[in-house]
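Data first, discussion second: the structure below is written as structure tokens.
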Amino acid sequence: MPAKKGRGGARAKLRAYILAHIGKTMSSDELREVAGISEWARRIRELRNEEGYNILTHNDRSELKPGEYLLEDPKPQPAFERSISKELRALVLDRNGFTCQMCGAVAGEPHPYEPNRKARLHLGHIVDKSQGGEDTAANLRALCSVCNEGASNLTLDRPSISKLLIQVRRAKREDQLEVLKWLEKKYQSSE
Ligand SMILES: [Zn+2]
4 MPAKKGRGGA
14 RAKLRAYILA
24 HIGKTMSSDE
34 LREVAGISEW
44 ARRIRELRNE
54 EGYNILTHND
64 RSELKPGEYL
74 LEDPKPQPAF
84 ERSISKELRA
94 LVLDRNGFTC
104 QMCGAVAGEP
114 HPYEPNRKAR
124 LHLGHIVDKS
134 QGGEDTAANL
144 RALCSVCNEG
154 ASNLTLDRPS
164 ISKLLIQVRR
174 AKREDQLEVL
184 KWLEKKYQSS
194 E
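Each residue of the sequence shown is one higher than the one before, starting from 4 at the first, in the numbering used here.
Structure representation (structure tokens):
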């Protein structure tokens with residue numbers, strides 16, 4: 004059993020290495036060497052589960068091969084999100100159509116306001132925890148990193164139905180069909 008100090012050291016080395024390789028695919032050989040311990044994979048899990056770094060594997064991304072790791076967002080998830088079960092997270096994201104409820108960004112697609120950044124979704128509270136909001140499906144919604152950081156200047160106001168319809172009517176036919184497809188997909192499972 005290695006000393007506690009040594010374990011922390013390996014985790015710190017891995018954290019520093021991963022943060023220096025944002026957006027780059029890392030291999031398990033690479034990470035093992037950086038950590039210098041055989042139990043490096045457990046340290047990676049701790050960085051994910053305890054510190055909230057969203058380190059992706061082939062389980063999260065089809066383009067990753069087994070043994071490959073990727074961190075795209077240097078910001079750890081907030082503590083509350085880490086305590087939310089995978090099932091609840093999946094339920095909320097599915098209900099929200101994997102779409103940011105403020106700006107409409109779709110998970111994994113280029114962000115509408117930062118096109119060189121792929122939209123990543125987080126969970127946000129509808130009623131803030133400080134106002135008594137709870138970590139329940141009814142009080143959670145999908146928000147992209149941009150809106151979650153408050154970086155977006157969009158307001159919480161939703162477009163009015165008349166403005167929305169005007170925009171849809173003016174849109175190109177293929178874009179209208181895209182809207183139709185999205186609505187059908189969103190509502191076929193929940194009705
Ligand atoms: Zn957003």
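For every residue, glycine included, the Cβ atom is placed at its ideal position computed from N, Cα and C. Quick caveat, the model's predicted, so the values are computed rather than measured.
Item to check | Pair within 7 Å by beta-carbon distance, residue 128 and residue 122 | outcome: no
Item to check | Segment contact flag, the stretch 125-140 with the stretch 173-187, C-beta cutoff 8 Å, min 3 pairs | outcome: no
Checklist entry - Cα separation between residue 137 and residue 55? => result 20 Å
Checklist entry - So which residues touch the region around ligand 1, with touch meaning a C-beta under 5 Å from any heavy atom? => result With the cut-off at 5 Å, the residues found are 103, 105, 106, 108, 147 and 150.
Checklist entry - Leaving out five residues before and five after residue 119 in sequence, what residues of the same chain have Cβ atoms less than 8 Å from its Cβ? => result 113
Next on the checklist: Classify residue 171: buried if its beta carbon has 16 or more other beta carbons within 10 angstroms, exposed otherwise.
Outcome noted: Residue 171 is exposed by the Cβ-count criterion.
Checklist entry - With DSSP run on the structure shown, which of helix, strand or coil describes residue 25? => result coil
Item to check | Given residue 124 as reference, the closest of 166, 88, 163 and 80 once Cα atoms are compared | outcome: 80
Checklist entry - For residue 22, which residues of its own chain have a beta-carbon under 7 Å away from its beta-carbon, when the five flanking residues on both sides are left out? => result 77
Item to check | Environment of residue 232 [buried if 16+ CB atoms lie within 10 Å] | outcome: This structure cannot settle anything about residue 232, because the visible part of the chain is limited to 4 through 194.
Checklist entry - Skipping 5 residues on each side, what residues in its chain have a beta carbon closer than 8 Å to that of residue 28? => result 67, 71, 72 and 73
Checklist entry - In this structure, what does DSSP give as the bridge partners for residue 125? => result Looking at the DSSP output, residue 125 bridges to 146.
Checklist entry - Does the beta-carbon of residue 108 have 16 or more other beta-carbons within 10 angstroms, so that it is buried, or is it exposed? => result buried
Item to check | Whole runs of the alpha helix (DSSP H) within the stretch 15-87, excluding any shorter than 4 residues | outcome: 31-38, 43-52 and 82-86
Checklist entry - Quick one: what does DSSP say residue 130 is sitting in, helix, strand or coil? => result Taken through DSSP and simplified to helix, strand or coil, residue 130 comes out as coil.
Next on the checklist: Comparing C-alpha positions only, which one of 20, 30 and 105 sits nearest to residue 150?
Outcome noted: 105
Checklist entry - Bridge partners of residue 109, per DSSP? => result 102
Item to check | Pick from 97, 16 and 116 that is closest to residue 49, judged by C-alpha positions | outcome: With distances taken between CA atoms, residue 49 lies nearest to 16 out of 97, 16 and 116.
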